[in-house]
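Residue numbers (my numbering): 198 to 425.
Here the structure is laid out as structure tokens; the discussion comes afterwards.
See below:
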């Protein structure tokens, strides 16, 4: 009888950082359009600005041939599932509440609360409703017991494209018109969108102790959070 692999969340609760630097860590991932035109694989031992190859190796009559890393495990240790969120959208409701703190102090009559998870939560202030949470993405293993790079890429790419406008509306768009947007997947369960130049800068920072280099970029902000 086979043993079920743990989920990403189960490993994180045990303070394990699941990642696969030699495969997943080589992805160069633009959030700009179709997968076949925006996902690439960096050559081994190449930095983020180094030589890269298309993730989609060939596309003939809708029959795609994928890069060899597509079959590699997404993480080491292997996982059976992962729940993915957008970093900025996950923070936004609490950022919104914090931005309305001054209103809450001045005129409680204009502030509406409810209990959520045992916590007093602001849900409306001066007629403005608290932002709704975004829909998380559950990625499960498909053809193998473990999640492969391909399972993750093909699920996350359309999902992140659908959220792109919403993420940029929250974080602001202070960037050069020619600057391409890349997916920062350092924390595989909490994705960020950054400019390509900023992403390259982060990759040159020192490695975080006890975690892959990609993990170092995970807690850093996307552009600047904007609460109007």
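A virtual CB, placed ideally from N, CA and C, is assigned to each residue, including glycine.
For residue 338, the secondary structure class from DSSP, reduced to helix, strand or coil, is coil.
For residue 359, no beta strand (DSSP E) run applies; the uninterrupted alpha helix (DSSP H) run containing it begins and ends at 346–368, by DSSP. Note on residue 285: 16 or more other CB atoms within 10 angstroms of its CB, so buried under the neighbour-count rule.
Judged by pairs of C-beta atoms under 8 Å, the segment 225–240 touches the segment 249–260, as three or more such pairs exist. Non-local C-beta neighbours of residue 220 in its own chain, meaning closer than 6 Å and more than five positions away in sequence, comprise 266, 269 and 346, ordered along the chain. The C-beta of residue 332 has fewer than 16 other C-beta atoms within 10 Å across all chains shown, which makes the residue exposed. In the DSSP annotation of this structure, the continuous segment of the alpha helix (DSSP H) that includes residue 232 starts and ends at 232–235.
Scanning 322, 351, 321 and 329 for the CA closest to the CA of residue 335 turns up 351.
A straight-line Cα-Cα distance of about 5 Å links residue 204 and residue 276. The residues 202, 270, 275, 276 and 277, in chain order, have a CB closer than 7 Å to that of residue 343 in the same chain once the five nearest residues on each side in sequence are set aside. Secondary structure remark: continuous alpha helix (DSSP H) runs of at least 4 residues inside the segment 213–288, in chain order: 232–235.
For the pair residue 308 and residue 244, the Cα-to-Cα distance works out to about 50 Å. Here residue 389 is bridged, per DSSP, to 381.
DSSP, read as helix, strand or coil, puts residue 209 in helix. Residue environment: residue 260 is assigned as exposed (fewer than 16 neighbouring CB atoms within 10 Å of its CB, all protein chains considered). Short of 7 Å from the beta carbon of residue 283, and not among the five residues preceding or following it, lie these beta carbons of its own chain, in chain order: 331, 360, 364 and 388.
In this structure residue 223 is buried. Its beta-carbon is surrounded by 16 or more other beta-carbon atoms within 10 angstroms. Residue 204 has no beta-bridge partner at all, per DSSP.
Short of 8 Å from the beta carbon of residue 213, and not among the five residues preceding or following it, lie these beta carbons of its own chain, in chain order: 274.
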